[in-house]
Amino acid sequence: MNDRNRIWNKKQNKMQNIKLAVFVAAVLAVLACSHVFGWSARVGGRDTLEFLGRMAQEHMAAAILAYTAVTVIGCVVLTLPGVTFAILAGLLFGPVLGTLCCTVAATLGAMAAFLAGRFFLKDSIKPVVMKNKYLKKWLFDESGKNELFVLMITRLVPLFPYNL
């Protein structure tokens, strides 16, 4: 039985390493594409908001798709707080359409962040968090008393990123 456990642990460790490598490769691919296509220069430029505003006026569907893609990438890779996406949507699309776009894009971003955390990062982050006695108490309490409190804190405080 001991040999079975050792073999099983080796397989689990190998799978953890593969998942982490896939996630890191995806992040590096986004960063490489940003470098090649100049996404960071476009986003960080001075006339970005003007460009996005013109795009929203001239090509609304393309602007919504671009906003959604930026929001999803921002949620998963950049760990930006959700309030940044809401402000951007309001500036670009106005209050009504901006609210709708922000809701859809933030939901898709939160889903993608959940999937990334669940399938790629859980096995590599959990041992690190378990070492801290306070985080272990709040996040991995078996009684379930803290679940609602942790959910409320992470969702109602706008500074927390979606992929937390």
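Using my numbering, read the sequence shown as starting at 15 and increasing by one per residue.
Think of the CB as a built atom: it goes at the ideal place given N, C-alpha and C, for glycine as much as any other residue.
Since residue i contacts residue j with CB under 8 Å, what's their CB separation in whole angstroms?
i: A119; j: Y81; result: 6 Å
i: A103; j: C115; result: 5 Å
i: A126; j: V86; result: 5 Å
i: A130; j: F37; result: 6 Å
i: L105; j: L79; result: The pair is not a contact, with the Cβ atoms about 17 Å apart (cut-off 8 Å).
Taking the straight line between their C-alpha atoms, what separation do you get for residue i and residue j?
i: G96; j: F65; result: 22 Å
i: K28; j: A39; result: 16 Å
i: S180; j: F51; result: The chain is shown only over 15 to 178; residue 180 falls outside these bounds and no answer can be derived.
i: A35; j: C47; result: 18 Å
i: K150; j: M166; result: 18 Å
i: I21; j: L42; result: 31 Å
i: L122; j: N31; result: 26 Å
i: L162; j: N146; result: 20 Å
i: T98; j: K159; result: 31 Å
i: M74; j: K136; result: 37 Å
i: S157; j: F128; result: 23 Å
i: D61; j: G67; result: 10 Å
i: E72; j: T113; result: 20 Å
Buried or exposed, going by whether 16 or more other CB atoms sit within 10 Å of the CB of residue i?
i: V90; result: buried
i: G88; result: buried
i: T117; result: exposed
i: L45; result: exposed
i: L94; result: buried
How about residue i and residue j: are their beta carbons less than 7 Å apart?
i: A70; j: A77; result: yes
i: K33; j: F134; result: yes
Taking 7 Å as the CB-CB limit, is residue i close to chain B?
i: I78; result: Looking at the structure shown, chain B is missing, and only one protein chain is on hand.
Kindly confirm or deny that the segment 138-146 and the segment 100-114 touch, where touching means at least three C-beta pairs closer than 8 Å.
-> With the cut-off at 8 Å, the segment 138-146 and the segment 100-114 do not touch.
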